[in-house]
């Protein structure tokens, strides 16, 4: 099995995408992160869903967690309304947020090669290099794991061997 | 002038330029400069580790370390946020009254905590309060950071330059209280008046927003009452230890370390939380600076400059104090006041040694000038840079010139007011 057998499309967001739009994509598709497209529309980096969550929380609460409890429910609603004002661009410009370099694999890489690269980079997603101009294709961690476990002995059999 | 002295001076000047321009991290500059001083033979291991005149000032390093541990634990209690929200509610949401209360809280806190810690604690809660009031937090943040630079001047532990001055001059916590608190109290009142003049047009009061402030629940900030009681208790003990120096004969560094040890023992927090706020880079920066300046002391450069200063000053110590006050304010507005005071302290020590008690007010002139000068520009003090960063991250950028136009006014007024204080307090009778 090769990387090309595992690849699929993956939602990408740009600098102008708001935090709320990004959150909707994450929530709807149960994602652990998002791929960020550069100004030309090509995938350039990966951010985690947790960082998108951080973008929706007011900066003063991120700076001082003890303030989270002082706001009542009504005030909290206003906070979530305001979350829409922030964009993924704000996140990219924040030095405190880790932007993961996009791991790149070749279409004919074996699963072991893909797994090794993703494990080394602690990446949840890898871009499969394809022909110029073709839609971007990715290998995600759940799909990779799913294919790896098919090679492993069933848990019950492993126990019996032991 | 020998080649060794020329090389040492080149290292010193180069390091100063690099620290001022911030092209390279200041700790890197200080440590490389210290290493170069060793390589050119300006100092050695005995000078670095064991000399009181030219070595690392361990009193300063360990006092800072002890206080960083205590404050790092205390700030986890949420007491500062409680105070700020409580004050905003007592002010019934009126922006200028809130500003006055936050300015006073910040100034008092920064007399006991370092200025960066103080603004890190007060800035987020200020943003919250301003968000609830729907007013710009910019005037509040500028006022608070300036209040922290003013309040920090009041005590031995309030600002790192004071710690250096106290150690070099042999001044006690009580000496600072007696000599600095009166003028700082006056300056704080004047500063509040300046805030009214500078910011009143930006502080519009909207009565419909008051309920949003009154709905804040400050009690939620106190997550761990036991930790609060323990850490406040230890802070009170430590400050009492500073005040009772003449009775217990323990140096401030020892008192702070004992307090930190006691707090670690009784709170039993995990190491990560105990040492989270210890700024190891700052401590290394201090060590590097002491070695760098110590190299000049060992080579006799400081003594030669000190001798020239003694001859120039003669017995006109008021003129020297005025020069030191305004010169320090100008320098501290441009460069970090820590290396400035680390360099000036041995020089002033020479002047005071030569002039006797009549020259002792020079220490206060140095402290006032270097502490208050930090308000002059956006880069004059570390706390200013930190607040500008917080404001930027939260979508309220404060430009260099926005800060500096207010900073120059505040610095000019506060430093100028120190001159009649110095004259009336120390020179008028003579």
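Chains as they are written, first to last, in the working numbering: chain P, -2 to 159; chain L, 2 to 431.
Beta carbons: idealized from backbone N, C-alpha and C, even for Gly.
What does residue i reach in chain P if we use C-beta pairs closer than 8 Å?
i, result
"residue 222 of chain L", "63, 64, 66, 67"
"residue 86 of chain L", "67"
"residue 79 of chain L", "63"
"residue 144 of chain L", "The contacting residues do not exist; residue 144 of chain L stays about 17 Å from chain P at best."
"residue 82 of chain L", "61, 63, 64, 67"
"residue 91 of chain L", "Going along chain P, no residue has its Cβ under 8 Å from residue 91 of chain L, so there is no contact; the nearest lies around 15 Å."
"residue 167 of chain L", "Within 8 Å Cβ-Cβ: nothing; residue 167 of chain L doesn't reach chain P, min ~31 Å."
Give me the Cα-Cα distance between residue i and residue j, rounded to the nearest whole angstrom.
i, j, result
"residue 141 of chain P", "residue 12 of chain P", "28 Å"
"residue 29 of chain L", "residue 424 of chain L", "41 Å"
"residue 426 of chain L", "residue 326 of chain L", "15 Å"
"residue 268 of chain L", "residue 69 of chain L", "16 Å"
"residue 76 of chain P", "residue 112 of chain P", "40 Å"
"residue 212 of chain L", "residue 222 of chain L", "19 Å"
"residue 54 of chain L", "residue 183 of chain L", "31 Å"
"residue 116 of chain L", "residue 377 of chain L", "15 Å"
"residue 161 of chain L", "residue 339 of chain L", "7 Å"
"residue 153 of chain L", "residue 181 of chain L", "10 Å"
"residue 129 of chain P", "residue 8 of chain L", "58 Å"
"residue 80 of chain P", "residue 46 of chain P", "15 Å"
"residue 407 of chain L", "residue 207 of chain L", "25 Å"
"residue 18 of chain P", "residue 28 of chain P", "13 Å"
"residue 159 of chain P", "residue 110 of chain P", "At residue 159 of chain P, the pLDDT of 48 sits below 50, so the modelled position is not reliable and the matter cannot be decided from this model."
"residue 418 of chain L", "residue 6 of chain L", "39 Å"
"residue 47 of chain L", "residue 35 of chain L", "14 Å"
"residue 103 of chain P", "residue 37 of chain P", "22 Å"
"residue 132 of chain L", "residue 195 of chain L", "24 Å"
"residue 99 of chain L", "residue 217 of chain L", "14 Å"
"residue 65 of chain L", "residue 260 of chain L", "12 Å"
"residue 24 of chain L", "residue 18 of chain L", "9 Å"
Just the chain L side, please: which residues come within less than 9 Å of residue i by C-beta, in chain order?
i, result
"residue 56 of chain P", "125, 128, 391, 394, 395, 396"
"residue 60 of chain P", "121, 124, 125, 128, 391, 394, 395"
If distances are taken between C-alpha atoms only, which option among the options comes closest to residue i?
i, options, result
"residue 9 of chain P", "P:143, P:123, P:148, P:145", "P:123"
"residue 138 of chain L", "L:394, L:316, L:280, L:191", "L:394"
"residue 75 of chain L", "L:303, L:404, L:239", "L:239"
"residue 352 of chain L", "L:404, L:312, L:96, L:271", "L:312"
"residue 107 of chain L", "L:233, L:143, L:334", "L:143"
"residue 346 of chain L", "L:386, L:297, L:387, L:124", "L:297"
"residue 97 of chain L", "L:204, L:46, L:83, L:60", "L:204"
"residue 141 of chain L", "L:157, L:123, L:155, L:177", "L:123"
"residue 88 of chain L", "L:274, L:215, L:349, L:246", "L:215"
"residue 118 of chain P", "P:48, P:99, P:-2, P:2", "P:99"
"residue 5 of chain P", "P:133, P:144, P:149, P:148", "P:133"
Alpha helix (DSSP H) containing residue i: first to last residue?
i, result
"residue 373 of chain L", "362 to 374"
"residue 173 of chain L", "It is not in any alpha helix (DSSP H) - residue 173 of chain L carries neither H nor E in the DSSP assignment."
"residue 378 of chain L", "Unbroken run through residue 378 of chain L: none, as it is neither H nor E."
"residue 347 of chain L", "338 to 356"
"residue 295 of chain L", "281 to 299"
"residue 427 of chain L", "No alpha helix (DSSP H) holds residue 427 of chain L; DSSP gives it neither H nor E."
"residue 140 of chain L", "139 to 152"
"residue 27 of chain L", "27 to 40"
"residue 90 of chain P", "85 to 90"
"residue 253 of chain L", "253 to 268"
"residue 107 of chain P", "It is not in any alpha helix (DSSP H) - residue 107 of chain P carries neither H nor E in the DSSP assignment."
"residue 246 of chain L", "246 to 249"
"residue 116 of chain L", "116 to 134"
"residue 329 of chain L", "318 to 335"
"residue 304 of chain L", "302 to 314"
"residue 393 of chain L", "383 to 394"
"residue 359 of chain L", "Unbroken run through residue 359 of chain L: none, as it is neither H nor E."
"residue 216 of chain L", "Looking at the DSSP string, residue 216 of chain L is not in any alpha helix (DSSP H), and its letter there is neither H nor E."
"residue 15 of chain L", "4 to 22"
"residue 275 of chain L", "272 to 275"
Where do the ends of the beta strand (DSSP E) carrying residue i lie?
i, result
"residue 103 of chain P", "100 to 103"
"residue 126 of chain P", "122 to 126"
"residue 135 of chain P", "134 to 137"
Which residues of chain L have a Cβ atom closer than 8 Å to the Cβ of residue i, listed in chain order?
i, result
"residue 20 of chain P", "Going along chain L, no residue has its Cβ under 8 Å from residue 20 of chain P, so there is no contact; the nearest lies around 19 Å."
By the criterion of Cβ-Cβ separation under 9 Å, what are the contact partners of residue i in chain P?
i, result
"residue 219 of chain L", "67"
"residue 273 of chain L", "Here the premise fails: no neighbours, minimum Cβ distance about 15 Å."
"residue 34 of chain L", "Under the 9 Å cutoff, chain P gives no residues; its nearest Cβ is about 27 Å from residue 34 of chain L."
Which residues of chain L have a Cβ atom closer than 7 Å to the Cβ of residue i, listed in chain order?
i, result
"residue 73 of chain P", "Going along chain L, no residue has its Cβ under 7 Å from residue 73 of chain P, so there is no contact; the nearest lies around 11 Å."
Can you pull the chain P residues whose beta carbon is under 7 Å from the beta carbon of residue i, in chain order?
i, result
"residue 360 of chain L", "Ordered by position in chain P, no residue passes the 7 Å Cβ test against residue 360 of chain L, which lies about 45 Å from the chain."
"residue 277 of chain L", "Near residue 277 of chain L there are no residues of chain P at all, since even the closest Cβ is about 13 Å away, more than 7 Å."
Contiguous beta strand (DSSP E) assignments of at least 3 residues, all confined to the stretch 0 to 78 of chain P: 30 to 34, 40 to 45
Whole runs of the alpha helix (DSSP H) within the stretch 49 to 121 of chain L, excluding any shorter than 4 residues: 59 to 75, 80 to 91, 96 to 113
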